[in-house]
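Chemist:
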Amino acid sequence: MMLESLAIKYEVLEASDHVGGRLFTKKFSNTPYDYYDVGAMRFPDTPMMARAFKLFEQLKLPKDKYFFENDNSTLLYNNILQPRRSASSYPKPWDIKIPESFDNLTWNALVDNAIKPFAKKIAQDFKNNTNTGWKFMMQYDQYSTRAYMSGNREDTKSELDRLNMMPYPISVVNWLETFDKSTGSFDKALSEAVLDSLAFAFPVKDIKWYCIDGGSQVITDTMKSQLKYQPTVKASVTAISLVEDPDPWKTTVRLSFPKGQSKPYAHVINTSTLPCLRAMDLSRAGLDVDQSTALRELTCGPATKIGVKFTDAWWQDPKIMKKYGPIVGGQSFTDRMVRTVVYPSYGVNTDTPSAVLIVSYAWTNDSLRWGSLFGASTSDQLKEIVCRDLAAMHGFEPVEGVACLKSKWVECSPFSWTNNPYSMGAYGFFGPGQFTQVWENLTRPAAKDRLHFGGEMVSARHAWVVGALDASWRAVREILLLSRPKLLDKFEKLWGPDEDCNDTIMLRQIAMSHYLQRQKPKQSA
Numbered sequence: 001m002m003l004e005s006l007a008i009k010y011e012v013l014e015a016s017d018h019v020g021g022r023l024f025t026k027k028f029s030n031t032p033y034d035y036y037d038v039g040a041m042r043f044p045d046t047p048m049m050a051r052a053f054k055l056f057e058q059l060k061l062p063k064d065k066y067f068f069e070n071d072n073s074t075l076l077y078n079n080i081l082q083p084r085r086s087a088s089s090y091p092k093p094w095d096i097k098i099p100e101s102f103d104n105l106t107w108n109a110l111v112d113n114a115i116k117p118f119a120k121k122i123a124q125d126f127k128n129n130t131n132t133g134w135k136f137m138m139q140y141d142q143y144s145t146r147a148y149m150s151g152n153r154e155d156t157k158s159e160l161d162r163l164n165m166m167p168y169p170i171s172v173v174n175w176l177e178t179f180d181k182s183t184g185s186f187d188k189a190l191s192e193a194v195l196d197s198l199a200f201a202f203p204v205k206d207i208k209w210y211c212i213d214g215g216s217q218v219i220t221d222t223m224k225s226q227l228k229y230q231p232t233v234k235a236s237v238t239a240i241s242l243v244e245d246p247d248p249w250k251t252t253v254r255l256s257f258p259k260g261q262s263k264p265y266a267h268v269i270n271t272s273t274l275p276c277l278r279a280m281d282l283s284r285a286g287l288d289v290d291q292s293t294a295l296r297e298l299t300c301g302p303a304t305k306i307g308v309k310f311t312d313a314w315w316q317d318p319k320i321m322k323k324y325g326p327i328v329g330g331q332s333f334t335d336r337m338v339r340t341v342v343y344p345s346y347g348v349n350t351d352t353p354s355a356v357l358i359v360s361y362a363w364t365n366d367s368l369r370w371g372s373l374f375g376a377s378t379s380d381q382l383k384e385i386v387c388r389d390l391a392a393m394h395g396f397e398p399v400e401g402v403a404c405l406k407s408k409w410v411e412c413s414p415f416s417w418t419n420n421p422y423s424m425g426a427y428g429f430f431g432p433g434q435f436t437q438v439w440e441n442l443t444r445p446a447a448k449d450r451l452h453f454g455g456e457m458v459s460a461r462h463a464w465v466v467g468a469l470d471a472s473w474r475a476v477r478e479i480l481l482l483s484r485p486k487l488l489d490k491f492e493k494l495w496g497p498d499e500d501c502n503d504t505i506m507l508r509q510i511a512m513s514h515y516l517q518r519q520k521p522k523q524s525a
């Protein structure tokens, strides 16, 4: 859409049979609300997400209110069940074994104590159009969340520990991770935890959440319908090669395809995930060593969802939900295998409420453990685990509850983004030091300025649509700086500036690529 608005001819090549990537909606039938979003499913209207909401407005997308919380949803940890409306945030009611000095502190307060000082500074960057908070956070990017919270660090400042409780004991850190995130997530970069907290709890009043009526795939389907040049699906790229010419303006990037065909392009923007890009033959793509290293090292986090169609929306039925009452929207959480249950926010107050429930949404290690059960031979085992966990989370009698859920079970659609050959992972989820030491190598072009890196992994807003939009903005701006400078003003007028990037930064990055591409590999003795 950006290229088309500038009258630049383009081709879109899609390896799968549909466009959209993680904007993928599984439809069980054509009945209204008989679906679930396998990928992106909710959007908070905050300054951080402004570019996404501008796109929604431009496309005139039908938005529904997304119910992020519901008082009747539940928490189940250590086999202790509590309704959200009265659930404790203290350790003792959950039988958490930690030092007594932490007994009177909530998990929310302890997480905020570590994360909020950075999040507030980043939020100020959005307000003041600065990067002071980002630079401050990058001073601590070498830490994982676990190491930052539990380590005896020399760089401790009082402003970063207002409770004066750090370093936290490992037992406390494990408790915080269990209630706040997913298993193993605290082993990733502290920076990721900060940015994730901003996505869900940007420091503004009354954050409004939305979902797209019809599913998030409506976003890319609508974009596709407005394109002059329609995408080519089932068009896998097997290799990317730089084809140099004595005349720099005639240098091209050649894409190769499975049946031996190939085609040259003046510029190529890659928007596949980085693992998928690395699966292509890049030996002649003109990447420098740092870029090749970044493709190998940058971490793509795992995620799974299990959507189940039931005969009816039993979670909204007061006759069934006797213990705490019906649930409309929101989420329930547990330390059992399903981890997170997401109740549909669409179809509420209609004659056709959705009978599709996301019975499990899992990330990191929790997700990896599900992947081995996503096959036909293990479908009965998966069903047994899900029904058992759902019965416990909703206060049903174990035997009768599982039997009831099985009787209402119609169809199951599990999906692993890690096992999906068109993604090989869900979204960027960087490890310690990867923002400062690795990531920026892919925010500059390769192949003599002809190959550009897009996709949410190359942005600072991982896992969100806005990240993909930001990365696309930068990639198109790179092309204009290099080949179409007369269109720069028009581009900014149509698509706005970027909060994280400007022409000075981009030109510096381009110059770095020029320098590194001139370096010759050292010969071994």
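In UniProt numbering, the protein residues as written are 1 to 525. Yeah, the Cβ is synthetic: ideal placement off N, Cα and C, and Gly gets one too. Please read all numbers here as calculations on a predicted model, not as lab measurements.
Alpha carbon to alpha carbon, how far is Lys-188 from Trp-175?
Modeler: 16 Å
Chemist: If I follow the unbroken alpha helix (DSSP H) through Arg-388, where does it start and stop?
Modeler: 379-393
Chemist: Just how far apart, CA to CA, sit Met-457 and Glu-400?
Modeler: 45 Å
Chemist: Return the CA-CA distance between Trp-209 and Asp-221, expressed in angstroms with no decimal places.
Modeler: 21 Å
Chemist: Taking the CB atoms as reference points, tell me whether Trp-417 and Gly-425 lie closer together than 8 Å.
Modeler: Taking 8 Å as the Cβ cut-off, Trp-417 and Gly-425 qualify as a contacting pair.
Chemist: Just grab the DSSP bridge partners of Val-270 for me.
Modeler: Reading off the sequence shown, one finds Asn at residue 270, where the question assumed Val. Bridge partners of Asn-270: Phe-453.
Chemist: Between the beta-carbon of Ile-320 and the beta-carbon of Trp-314, is there less than 8 Å?
Modeler: yes
Chemist: List in chain order: all unbroken beta strand (DSSP E) runs of 3+ residues lying wholly within the stretch 389-426.
Modeler: 409-416
Chemist: How would you label Lys-309, buried or exposed, when you count the other beta carbons within 10 angstroms and need 16 or more for buried?
Modeler: buried
Chemist: Can you tell me whether Phe-56 is buried or exposed? The criterion is at least 16 other CB atoms within 10 Å of its CB, across all chains shown.
Modeler: buried
Chemist: Given 7 Å as the limit, tell me if Leu-507 has its C-beta closer than that to any heavy atom belonging to the ligand FMN.
Modeler: For the structure depicted, the ligand FMN is absent and the ligand set is empty, with no information on it obtainable.
Chemist: Taking the Cβ atom as the reference point for each residue, do Ala-362 and Thr-304 lie within a distance shorter than 8 Å?
Modeler: Inclusion of Ala-362 and Thr-304 in the CB contact set at 8 Å is warranted, their separation being smaller than that value.
Chemist: To which residues does DSSP link Phe-333 through a beta bridge?
Modeler: Leu-75, Thr-340
Chemist: Pull the bridge partners of Phe-43 from the DSSP assignment, please.
Modeler: For Phe-43, the pairing in a beta bridge is given by DSSP as Tyr-210.
Chemist: Could you check whether Ser-379 and Cys-412 sit closer than 8 Å to each other, using their CB atoms as the reference points?
Modeler: yes
Chemist: If I'm right that Phe-257 touches Ala-235 with Cβ under 8 Å, what's the distance once you round it to whole angstroms?
Modeler: 7 Å
Chemist: Check Ala-87 in the structure and name its three-state DSSP category.
Modeler: coil
Chemist: Where Trp-94 and Lys-408 are concerned, what is the direct C-alpha to C-alpha distance, given to the nearest angstrom?
Modeler: Roughly 31 Å separates the two Cα atoms.
Chemist: So the candidates are Gly-301, Tyr-343, Val-342, Val-410; which of them puts its Cα closest to the Cα of Asp-366?
Modeler: When only C-alpha atoms are compared, the closest one is Gly-301.
Chemist: Less than 8 Å separating the beta-carbons of Leu-23 and Ile-219?
Modeler: yes
Chemist: In chain order, what residues of the same chain lie with their CB nearer than 8 Å to the CB of Arg-477, ignoring the 5 residues before and after it?
Modeler: Leu-488, Phe-491, Asp-498, Cys-501, Asp-503, Met-506
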